[in-house]
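S.K.: One structure, as structure tokens, below. Some questions next.
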Amino acid sequence: MIDEQPAFIDFEASSLDLIASYPIEVGVCLGNGEIHSWLIEPHVLWQDWSDSAEKIHGITRVQLESEGIPVQTVARELNRLITGQVFCDAWTFDSFWLHRLYRAAGQKTGFQLESVSTLLNAEQVRIWPDMRRSVIAEEQLVTHRAANDAVILRKTWQKVMALSPSGTDQA
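Per the numbering used here: the sequence shown = residues 157 to 327.
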């Protein structure tokens, strides 16, 4: 069993285009349950925008331009808060957006992004979707906002571990 609880991260993005999209919000739920989230001010070169993605996450480009935090600040804060590994549920997308953030910030990532599946055995992977739906219903959390989605990841992991505790002993 893992002594220390893992940290979880989630991104919302301008679209799902793995060439032009960029992160617009990042949320982290640390191992101690502490939650951090930032709207990200678009870098000058980030022009991609999807109206259909906006309808899902509810964040407008105007909102990002007026309320967003500069990429350098967000990257620095993530490096300050996260040590070791942080886990996500959509590694292909999340790793792309993490890379875009740090490249635009001109900084190096100070932590390792991993898929939550690396924490799970086959049985835990099987029950994950049902446990996730259960957490969303119980907690009444709005999905597709980065902080909420990071909390959902953490609570789903906790629920899966409680029901099927023989994980892979990684953190």
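Idealized CB from N, CA, C, for every residue including glycine.
1) For my contact list, D166 and G183 are in at a C-beta cut-off of 8 Å; report their separation, rounded to the angstrom.
2) Just curious, the beta strand (DSSP E) that I215 is in, first and last residue?
3) Classify P179 as helix, strand or coil using the three-state DSSP reduction.
4) May I ask you to list the residues that DSSP assigns as paired with V165?
5) Under 8 Å Cβ to Cβ from I238, same chain only, skipping five residues before and after it: list those, please.
6) Can you find the residues in the same chain that come closer than 6 Å, C-beta to C-beta, to R310, ignoring five residues on each side of it along the sequence?
7) May I ask you to verify whether the stretch 272-286 touches the stretch 243-255, counting CB pairs closer than 8 Å and requiring at least 3?
8) Identify, in the order they occur along the chain, each residue of the same chain with its Cβ nearer than 8 Å to the Cβ of I283, setting aside the five sequence neighbours on each side.
9) Please return the same chain residues whose Cβ sits closer than 7 Å to the Cβ of S251, not counting the five positions on each side in sequence.
10) I need the straight-line Cα distance from E160 to W313, nearest angstrom please.
11) Count the C-beta pairs between the stretch 286-299 and the stretch 224-232 that are closer than 8 Å, then say yes if the count reaches three, no if not.
12) Is the beta carbon of R236 sitting closer than 8 Å to the one on Y178?
13) Can the beta-carbon of H300 be found closer than 8 Å to that of H213?
M.R.: The structure says:
1) 5 Å
2) Run containing I215: none; DSSP gives neither H nor E here.
3) strand
4) A quick correction: the sequence has Ile, not Val, at residue 165. According to DSSP, I165 bridges with V184.
5) A163, I165, V184, L186, G266, F267
6) F164, C185
7) yes
8) V316, L319, S320
9) L269
10) 13 Å
11) no
12) no
13) yes
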